[in-house]
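**Q** Just passing along the structure, written as structure tokens.
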Amino acid sequence: MSDTSSRPLYRESTIADEPILGPVLFLPDGSIRKLSWFERLQVALRLTDAKSLEARYFRPATS
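What the sequence shown shows, in the working numbering, is residues -13 to 49, in sequence order.
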């Protein structure tokens, strides 16, 4: 049995261009966050990325 079967799967956050919403951030928990004008500018200028935006918006579920 491989070692990866015992680890939980981690989904990375991604930035995608949705046809209706425009640029959005997909968080690992499955939620979608619409990017503000300033965040879109930062992404276009490569001043930020999905990982940095995830740290700003992602709230892990507490037990």
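Cβ atoms here follow ideal geometry from the backbone N, Cα and C, with glycine treated the same way.
Values in this document were obtained by computation on a predicted structure and should not be read as measured data.
1. Run the CB neighbour count on P25, radius 10 Å, all protein chains shown included, and call it buried at 16 or more, exposed below.
2. Could you give the DSSP three-state label for L31: helix, strand or coil?
3. Can you tell me whether L21 is buried or exposed? The criterion is at least 16 other CB atoms within 10 Å of its CB, across all chains shown.
4. Are the beta-carbon atoms of P14 and R(-3) separated by less than 7 Å?
5. Tell me the DSSP secondary structure of R45 in three-state form.
6. State the DSSP-derived secondary structure class of E(-2), mapped to helix, strand or coil.
**A** Looking at the atomic coordinates:
1. The residue asked about is misnamed: residue 25 is Glu in this sequence, not Pro. E25 should be labelled buried.
2. coil
3. buried
4. A contact, by the Cβ cut-off of 7 Å.
5. coil
6. coil
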